[in-house]
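Notes follow the structure.
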Amino acid sequence: MNPQAKLISTMSLLLGTSITISSNHWMTAWIGLEINTLAILPLISKNHHPRAIEASTKYFLTQATASTLLLFASMTNAWLSGQWDITQLTHPMSCMLLTIAISIKLGLVPFHFWFPEVLQGSTMTTCLLLATVMKFPPITLFYLTSPSLNPTLLTLLAIASAALGGWMGLNQTQTRKVLAFSSIAHLGWMAIILNYDPNLTLMTFYLYTMTTSAIFFILNTTNTLKLSTVMTSWTKIPSLTTIFMLTLLSLAGLPPLTGFLPKWLIIQELTKQELTATATAIALLSLLGLFFYLRLAYCATITLPPNFTNYMKQWQTNKPTNSLTSFFTTLSIMLLPLSPMILTIS
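In terms of UniProt numbering, the sequence shown has 49 at position 49, counting the first letter as 1, and numbering is strictly consecutive.
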């Protein structure tokens with residue numbers, strides 16, 4: 001891809017995100033989302049491959065549908081209440097339409113079908129952007145409108161996302177699809193607490209972004225796209241493979257790693273709100289995700305020779321590890337002892 005075109009796309013991506021997260025008018029928020037969509041399309045389709053073109057087409061159609069619904073919801077609310085302010089979403093129909101529109105943009109169940117396919121057709125770097133940066137503006141809109149949203153609808157979407165994200169991830173052999181379903185399951189955790197503690201939703205998103213970024217950077221460094229190549233990547237950078245296992249366990253939410261913090265706080269808050277059954281259900285559903293994270297960790301670190309699989313050994317690479325990889329892996333493993341400070345900041 002032309003460096004100038006890549007620079008323009010990246011700058012447009014930052015511009016669109018900045019416009020949406022800083023706006024208080026529905027039209028400017030919609031414009032920011034549209035800039036984001038148009039900026040990411042060249043990055044998805046930069047590989048001249050049918051799968052990349054298919055991914056960009058699916059992404060464009062779903063995002064265009066979601067943007068149309070979002071615009072319709074905001075116009076309906078302005079028509080009925082006379083308010084264009086994002087925080088003044090009052091009409092129930094507008095609230096429901098907005099919830100559906102942002103759910104499509106995020107990939108919450110049952111509007112998740114596009115997300116694994118788009119990630120599978122993109123490069124690792126573009127996958128990282130789609131799974132983290134592109135979800136920030138819709139999450140911000142959810143955050144700003146959280147007092148107006150229907151808690152029953154959000155809880156249903158969240159439980160369905162946690163269930164299906166864990167269930168569909170069990171049978172995947174492609175690392176990008178595993179991380180796509182992992183993202184859907186984590187979005188369920190963010191959505192379930194949105195009505196009760198929106199700050200906790202944002203904190204969960206930030207910690208999820210750090211951990212997922214670390215995993216994508218590691219997979220990009222070792223150039224592993226399938227489980228079968230994960231098994232042979234340990235010979236390239238053995239120390240990085242060990243850190244990869246810890247980062248996966250952090251994403252699964254095991255203590256004493258960073259990923260345990262948001263799950264612990266969300267279950268605690270749901271229990272305070274006397275939603276013990278909901279907390280129990282989503283905690284049990286996270287075990288499905290734990291299984292495929294353990295499967296990835298097992299493939300990465302425990303399937304060492306001698307074994308019965310015929311494969312060609314990889315040469316140990318001399319390529320230096322990216323400093324961002326070290327930074328994100330450190331944060332995704334070691335932040336739990338700093339949780340009182342994180343809670344004070346948030």
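In this text, a Cβ means the ideal position worked out from N, Cα and C, and glycines have one as well.
Status (buried if at least 16 other CB within 10 Å, exposed otherwise) for residue i
i: P92; result: exposed
i: L33; result: buried
i: Q4; result: exposed
i: A191; result: buried
i: Q268; result: exposed
i: N24; result: exposed
i: M1; result: exposed
i: L324; result: exposed
i: R176; result: buried
i: T145; result: buried
i: W231; result: The displayed chain sequence assigns Met, not Trp, to residue 231. Label assigned to M231: buried.
i: L128; result: buried
i: S22; result: exposed
i: residue 351; result: There is no way to answer for residue 351, as the model of the chain reaches only from 1 to 346.
Where the alpha helix (DSSP H) containing residue i begins and where it ends
i: H186; result: 175 to 192
i: Q4; result: 3 to 22
i: L296; result: 276 to 301
i: Q273; result: No alpha helix (DSSP H) contains Q273, which DSSP labels as neither H nor E.
i: A115; result: This sequence places Phe at residue 115; Ala is not what is there. Counting along the chain, the alpha helix (DSSP H) containing F115 begins and ends at 114 to 120.
i: M124; result: 124 to 131
i: L156; result: 151 to 169
i: P337; result: No alpha helix (DSSP H) holds P337; DSSP gives it neither H nor E.
i: M96; result: 92 to 106
i: P137; result: 136 to 145
Closer than 7 Å: residue i CB and nearest the ligand ATP heavy atom
i: I345; result: In the structure on display, the ligand ATP does not appear, and there are no ligands present to speak of.
Given residue i as reference, the closest of the options once Cα atoms are compared
i: L219; options: I44, T126, A101; result: T126
i: V109; options: S182, L144, L14, N2; result: S182
i: N171; options: L141, I19, T330, R295; result: R295
i: A163; options: T222, A29, T229, A281; result: A281
i: S332; options: T68, W84, F217; result: F217
i: K236; options: T62, I139, T10, T301; result: T301
i: F328; options: Y206, K226, I342; result: Y206
i: C95; options: T10, L153, T123; result: L153
i: P262; options: L187, D85, N223; result: L187
i: L227; options: L284, T10, G169; result: G169
i: P44; options: I31, L61, L130, A29; result: Note on identity: in this sequence residue 44 is Ile, with Pro being the wrong assignment. It is L130.
i: A29; options: I342, Q174, A73, F113; result: A73
i: A160; options: P50, S286, L97, T271; result: S286
i: V178; options: L149, L324, I215, M210; result: I215
i: S213; options: A180, M341, M231, T232; result: A180
i: I19; options: L141, P340, K272; result: L141
i: A64; options: L38, T87, R51, G165; result: L38
i: G107; options: W26, H49, K58; result: K58
i: G166; options: T90, P147, L15, W189; result: W189
i: M203; options: M11, T344, T87, V118; result: T344
i: S12; options: M27, W26, P42; result: P42
i: I31; options: S67, I243, L288; result: S67
i: T330; options: L71, E274, Q83, F244; result: F244
Spatial neighbours of residue i in its chain, beta-carbon cut-off 7 Å, leaving aside the 5 residues before and after
i: S103; result: F111, L157
i: M134; result: N36, I40
i: F260; result: G253, L254, L336
i: E54; result: G121
i: T155; result: I192, T278
i: I100; result: L69
i: F291; result: L170
i: S250; result: T211, L257, T258, G259, S332, I333
i: L89; result: N77, C95, L98, T145, S148
Cβ shell of residue i (< 8 Å), same chain only, five flanking positions each side left out
i: L7; result: none
i: L200; result: I193, P262, L265, I266, E269, S346
i: T271; result: A279
According to DSSP, residues forming a beta bridge with residue i
i: K236; result: Note: K236 sits in no beta bridge, so no partner.
i: K226; result: Q174
i: H25; result: D85
Cutoff 6 Å; reference residue i; Cβ partners in own chain excluding five residues on either side
i: L248; result: Y293, L296, A297
i: P151; result: N195
i: I139; result: F205
i: W234; result: T241
i: Y208; result: H186
i: W114; result: K58, T62
i: L80; result: H91
i: L98; result: A73
i: P50; result: none
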